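S.K.:
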Amino acid sequence: MLKAYCERVRKQLEDTFSGVASEADEGIRHDVEACDSVQVATSIESAIFLDRSCQRCLWKEKASTDMFKCERCGEHKCSYYQMQTRSADESMTTYVTCVNCNNHWKL
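In full-length UniProt numbering, the protein residues as written are 1 to 107.
1. What is the residue span of the beta strand (DSSP E) that C98 lies within?
2. Looking only at its chain, what residues have a beta carbon closer than 6 Å to the beta carbon of W105, apart from the 5 residues adjacent to it on each side?
3. In the DSSP assignment, what residue or residues form a beta bridge with H104?
4. Which residue or residues does DSSP assign as beta-bridge partners of T85?
5. Evaluate C98 with the Cβ neighbour count: other Cβ atoms within 10 Å of its Cβ, from every protein chain shown; 16 or more gives buried, anything less gives exposed.
6. Alpha carbon to alpha carbon, how far is M67 from E90? Give it in angstroms, no decimals.
7. For E101, which residues of its own chain have a beta-carbon under 7 Å away from its beta-carbon, when the five flanking residues on both sides are left out?
8. On the premise that S64 lies in contact with S87, defined as a C-beta separation below 8 Å, what is that separation, rounded to the nearest angstrom?
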(Lines of atoms letter the chains of each structure in order from A and count residues from 1; the text may use other names and numbers.)
(Lines give C-alpha, C1' and ligand atoms only; values in the text may rest on other atoms or scores of the structure.)
Protein backbone atom coordinates (compact mmCIF):
# COMPACT_ATOMS: atom_id res chain seq x y z
CA MET A 1 0.00 0.00 0.00
CA LEU A 2 2.85 2.37 0.84
CA LYS A 3 4.57 1.57 -2.45
CA ALA A 4 1.36 2.37 -4.35
CA TYR A 5 1.10 5.68 -2.48
CA CYS A 6 4.67 6.65 -3.41
CA GLU A 7 3.97 5.74 -7.03
CA ARG A 8 0.83 7.93 -7.04
CA VAL A 9 2.77 10.86 -5.59
CA ARG A 10 5.52 10.40 -8.18
CA LYS A 11 2.95 10.25 -11.00
CA GLN A 12 1.15 13.39 -9.82
CA LEU A 13 4.41 15.31 -9.49
CA GLU A 14 5.57 14.15 -12.91
CA ASP A 15 2.26 15.30 -14.41
CA THR A 16 2.59 18.64 -12.63
CA PHE A 17 6.16 19.29 -13.73
CA SER A 18 6.03 17.68 -17.19
CA GLY A 19 5.73 20.98 -19.06
CA VAL A 20 8.24 22.96 -17.00
CA ALA A 21 11.90 21.99 -16.69
CA SER A 22 13.64 24.42 -14.37
CA GLU A 23 16.44 23.43 -12.01
CA ALA A 24 14.17 23.61 -8.96
CA ASP A 25 11.64 21.31 -10.60
CA GLU A 26 14.37 18.83 -11.50
CA GLY A 27 15.56 18.86 -7.88
CA ILE A 28 12.07 18.10 -6.63
CA ARG A 29 11.65 15.35 -9.22
CA HIS A 30 15.01 13.84 -8.19
CA ASP A 31 14.05 13.92 -4.49
CA VAL A 32 10.76 12.18 -5.20
CA GLU A 33 12.46 9.48 -7.27
CA ALA A 34 14.97 8.92 -4.47
CA CYS A 35 12.17 8.39 -1.95
CA ASP A 36 13.07 5.51 0.31
CA SER A 37 9.94 3.60 1.35
CA VAL A 38 11.56 2.60 4.65
CA GLN A 39 12.06 6.25 5.59
CA VAL A 40 8.51 7.10 4.56
CA ALA A 41 7.12 4.18 6.56
CA THR A 42 9.20 5.17 9.57
CA SER A 43 7.95 8.75 9.33
CA ILE A 44 4.32 7.63 9.10
CA GLU A 45 4.74 5.21 12.02
CA SER A 46 6.40 7.95 14.08
CA ALA A 47 3.55 10.36 13.36
CA ILE A 48 0.97 7.75 14.36
CA PHE A 49 2.90 6.95 17.55
CA LEU A 50 3.20 10.63 18.50
CA ASP A 51 -0.50 11.20 17.83
CA ARG A 52 -1.48 8.24 20.03
CA SER A 53 0.88 9.23 22.84
CA CYS A 54 -0.48 12.80 22.82
CA GLN A 55 -4.03 11.46 22.96
CA ARG A 56 -3.07 9.29 25.94
CA CYS A 57 -1.61 12.30 27.75
CA LEU A 58 -4.75 14.34 27.17
CA TRP A 59 -6.93 11.38 28.10
CA LYS A 60 -5.12 10.90 31.43
CA GLU A 61 -5.38 14.59 32.32
CA LYS A 62 -9.18 14.70 32.12
CA ALA A 63 -10.92 15.62 35.34
CA SER A 64 -13.11 12.80 36.56
CA THR A 65 -16.13 12.58 38.80
CA ASP A 66 -17.82 9.75 40.66
CA MET A 67 -21.36 10.93 39.88
CA PHE A 68 -21.80 8.39 37.06
CA LYS A 69 -21.15 4.64 36.89
CA CYS A 70 -19.92 3.09 33.66
CA GLU A 71 -22.13 0.24 32.45
CA ARG A 72 -19.23 -1.44 30.64
CA CYS A 73 -16.49 -1.59 33.30
CA GLY A 74 -18.41 -0.63 36.46
CA GLU A 75 -15.99 2.14 37.45
CA HIS A 76 -17.10 5.51 38.82
CA LYS A 77 -14.33 7.45 37.01
CA CYS A 78 -16.17 9.48 34.37
CA SER A 79 -15.85 12.89 32.79
CA TYR A 80 -18.81 14.79 31.41
CA TYR A 81 -19.97 17.95 29.72
CA GLN A 82 -23.39 19.43 29.08
CA MET A 83 -24.81 21.00 25.95
CA GLN A 84 -28.12 22.63 25.13
CA THR A 85 -29.25 20.46 22.19
CA ARG A 86 -32.99 21.07 22.37
CA SER A 87 -35.20 24.05 23.09
CA ALA A 88 -34.59 26.26 26.11
CA ASP A 89 -37.52 24.86 28.11
CA GLU A 90 -35.95 21.36 28.20
CA SER A 91 -33.01 20.26 30.30
CA MET A 92 -29.46 20.18 28.96
CA THR A 93 -28.07 16.97 27.45
CA THR A 94 -25.22 15.45 29.47
CA TYR A 95 -22.48 13.61 27.57
CA VAL A 96 -20.49 11.20 29.76
CA THR A 97 -17.20 9.44 28.97
CA CYS A 98 -15.64 6.74 31.13
CA VAL A 99 -12.00 7.64 31.84
CA ASN A 100 -11.15 3.96 32.40
CA CYS A 101 -12.54 2.29 29.23
CA ASN A 102 -13.49 5.30 27.03
CA ASN A 103 -17.17 4.25 26.86
CA HIS A 104 -19.48 7.12 25.74
CA TRP A 105 -23.14 7.71 26.55
CA LYS A 106 -25.57 10.57 26.97
CA LEU A 107 -28.21 11.33 29.55
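Virtual Cβ for every residue (Gly too), placed ideally from N, Cα, C. Only a predicted model underlies this, so the values are computations on that prediction, with no experimental measurement involved.
M.R.: Walking through what the data contain:
1. T93 to C98
2. V96
3. Assignment of beta-bridge partners to H104 by DSSP yields T97.
4. Looking at the DSSP assignment, T85 forms no beta bridge with any residue, so it has no partner.
5. buried
6. 21 Å
7. Per the sequence presented here, residue 101 reads as Cys, with Glu not at that position. Once the five neighbours on either side are set aside, the close Cβ partners of C101 are C70, R72 and C73.
8. Contact doesn't hold; Cβ gap of about 31 Å is too wide.
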